[in-house]
Ligand code: MF3
Ligand code: CO
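In the working numbering, the protein residues as written are 482 to 751.
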């Protein structure tokens, strides 16, 4: 990755622009909630994609993934050992599967991007621990977000949660800045050293997106050119939020009722 070496262009958003991102973010949250409710045994991933498309349009937004570098669907659906960027297929979910769903929407030119992982019915205790730990790591990363904090603070907080259980931390895919583009500078790794890396400023927005594996961290890209899976076939979980840097701390944009008072003040484990 050449992210550290090249010059970075990190966009600063106004209050007005943040409000647009919050609308996109709220729609993304609604997509994820709706898809999770629909994600029961017997449903196909393509059916979930169709539901997502409807919710995005109903929110007055456009789907950001569709056509992105030729991506053929509205959301990413990544079951079991698929880490990210799974293309919705005719695969029918079965009890005990875990499914990661990643969604993005644009409102008046501004993006929201978020992901969740959930079990289909009941899954194994190890799979559930993987899911819960990855979600906890996202919360720990978000708790680091404030003006003056560094990306290494976030990455370290995220990776520390994986290390508690010896889960593999995916390194090839990272979080990112977001605004008028879905992927902007800076890159936001899920590992790092406290006190190092780019400094956050008010008006920036980033996506933090831990991807943890039950086994090793190594990845494998499917011949379809999109689907990223664990090299060892172990289960993988992914959570993501879009977070704005404000005077008052982190503002999570991808919540169902995102307002400026949605500050995440509870650190994971607290
Ligand atoms: N939210 C995904 C990410 O940040 C983007 C998926 S792009 C798509 O990595 F084209 F694969 F949909
Ligand atoms: Co993202």
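Every residue gets a Cβ at the ideal spot worked out from N, C-alpha and C, and that includes glycine.
Asked, Found
"Quiz: which residues have CB nearer than 7 Å to the ligand ATP non-hydrogen atoms", "This structure simply doesn't include the ligand ATP; it includes the ligand MF3 and the ligand CO instead."
"Residue burial classification, residue 737 (beta-carbon count within 10 angstroms, cutoff 16)", "exposed"
"CA-to-CA distance, residue 522 to residue 491, given in whole angstroms", "43 Å"
"N- and C-terminal bounds of the alpha helix (DSSP H) containing residue 499", "496-519"
"Contact the segment 623-640 vs the segment 529-547: 3+ CB pairs below 8 Å", "no"
"Per DSSP, the bridge partner or partners of residue 662", "DSSP, once it has assigned bridges, lists no residue as partnering residue 662."
"Run of the alpha helix (DSSP H) containing residue 536, from where it starts to where it stops", "526-539"
"Pairwise C-alpha distance: residue 682 and residue 605", "41 Å"
"First and last residue of the uninterrupted beta strand (DSSP E) at residue 578", "From DSSP, residue 578 is part of no beta strand (DSSP E); its letter is neither H nor E."
"Residue 710: first and last residue of the uninterrupted beta strand (DSSP E) it sits in", "709-711"
"DSSP state of residue 652 mapped onto helix, strand, coil", "coil"
"Uninterrupted beta strand (DSSP E) stretches inside the segment 682-723 (no shorter than 3 residues)", "686-689, 692-694, 700-702, 709-711, 717-719"
"Beta bridge counterpart(s) of residue 559 as assigned by DSSP", "581"
"Identified DSSP bridge partners for residue 573", "525"
"Residue 544, DSSP secondary structure in three states", "strand"
"Residues bridged to residue 587 [DSSP beta-bridge criterion]", "543, 592"
"C-alpha distance - residue 531 paired with residue 515, whole-angstrom precision", "11 Å"
"Residue interval of the beta strand (DSSP E) (run including residue 730)", "730-733"
"Closest Cα partner of residue 701 within the set 719, 671, 564, 587", "564"
"Inter-stretch contact at 8 Å, needing at least 3 Cβ pairs: the segment 708-723 / the segment 668-677", "no"
"Beta-carbon proximity list for residue 680, same chain, < 7 Å, skipping 5 on both sides", "629, 631"
"Under the three-state DSSP convention, the category residue 615 falls into", "helix"
"Extent of the continuous alpha helix (DSSP H) to which residue 644 belongs", "632-646"
"Nearest candidate by alpha-carbon position, reference residue 684, set 528, 545, 497", "497"
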